[in-house]
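A.B. asks: The structure under discussion is supplied below as structure tokens; questions concerning it will follow.
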Amino acid sequence: MRALVLALGLTLAAAPALAADPVEGDWLTQTGTGKVRIAPCAGKADRLCGAIFWLKNPADQKATDVNNPEAKLRSRPILGLPMLYGFKAAGPGRWTGGKIYDPQTGKTYDSKLSINPNGTLKVEGCIAVICQAQTWKRS
Numbered sequence: 007m008r009a010l011v012l013a014l015g016l017t018l019a020a021a022p023a024l025a026a027d028p029v030e031g032d033w034l035t036q037t038g039t040g041k042v043r044i045a046p047c048a049g050k051a052d053r054l055c056g057a058i059f060w061l062k063n064p065a066d067q068k069a070t071d072v073n074n075p076e077a078k079l080r081s082r083p084i085l086g087l088p089m090l091y092g093f094k095a096a097g098p099g100r101w102t103g104g105k106i107y108d109p110q111t112g113k114t115y116d117s118k119l120s121i122n123p124n125g126t127l128k129v130e131g132c133i134a135v136i137c138q139a140q141t142w143k144r145s
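Residues 7 to 145 in this note's numbering are what the sequence shown lists, from first letter to last.
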């Protein structure tokens, strides 16, 4: 019995870690003014979320979410702001069912993420069936 437990332990220890989905990582937005880190959501490893972790303009480092429709959130900093949330896997490099928040307008849209053949990230924001896409580059 002890040998079986030891063998099982060694098998699990030798198993490779699951590779991160290609959508995960750090991305430079299409405008080049910010970077977003995409990773599993806190407390929900099967979902992806993303937060702004870098802003190009030093003056923006102290900017707040002034356009948020919720008054109590208007004082939160843009740096560290959760921007993407709730994405569910739809296949390798494809995530759907999420939301994207645009701090410039204070609006939230349905969203999809997918890796393009050239390794860039297609980020779509949708209202009903009409979507607009941006292309983000790996940072």
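From the three backbone atoms N, C-alpha and C, an ideal C-beta is built for every residue, glycine too. Keep in mind the model is a prediction, meaning the values are calculated, not measured.
1) CA-CA distance, G99 and T37?
2) Here's the rule I'm using: 16 or more other beta-carbon atoms within 10 Å means buried, otherwise exposed. How should L18 be labelled?
3) Taking a contact to mean a Cβ-Cβ separation below 8 Å, would you say V129 touches S117 in this structure?
4) Would N63 be called buried (16 or more neighbouring beta carbons within 10 Å of its own) or exposed?
5) So is P94 buried or exposed if we call it buried at 16+ other beta carbons inside 10 Å?
6) Suppose contacts are defined by Cβ-Cβ distances below 8 Å. Is L54 in contact with V29 by that definition?
7) How would you write the range of the beta strand (DSSP E) that V129 sits in, first residue to last?
8) Quick check on DSSP: helix, strand or coil for L87?
9) Which of the three DSSP states is assigned to K68 in this structure?
10) If A26 sits next to V42, beta carbons under 8 Å apart, how far is it from one beta carbon to the other, in whole angstroms?
11) Please state the DSSP three-state secondary structure of A96.
12) Cβ of D27 less than 8 Å from any chain C Cβ?
13) Leaving out five residues on either side along the sequence, give the residues of the same chain with a beta carbon under 6 Å from the beta carbon of A45.
C.D. replies: In brief:
1) 22 Å
2) Below a pLDDT of 50, predicted positions are generally treated as unreliable, and L18, at 37, falls in that range; the measurement from the model is reported next regardless. It is exposed - the Cβ of L18 has fewer than 16 other Cβ atoms within 10 Å.
3) yes
4) exposed
5) Position check: residue 94 holds Lys in this sequence, whereas Pro was assumed. It is exposed - the Cβ of K94 has fewer than 16 other Cβ atoms within 10 Å.
6) yes
7) L127 to I133
8) coil
9) helix
10) About 15 Å; that fails the 8 Å criterion.
11) strand
12) Of the protein chains in this structure there is only one, and it is not chain C.
13) E30
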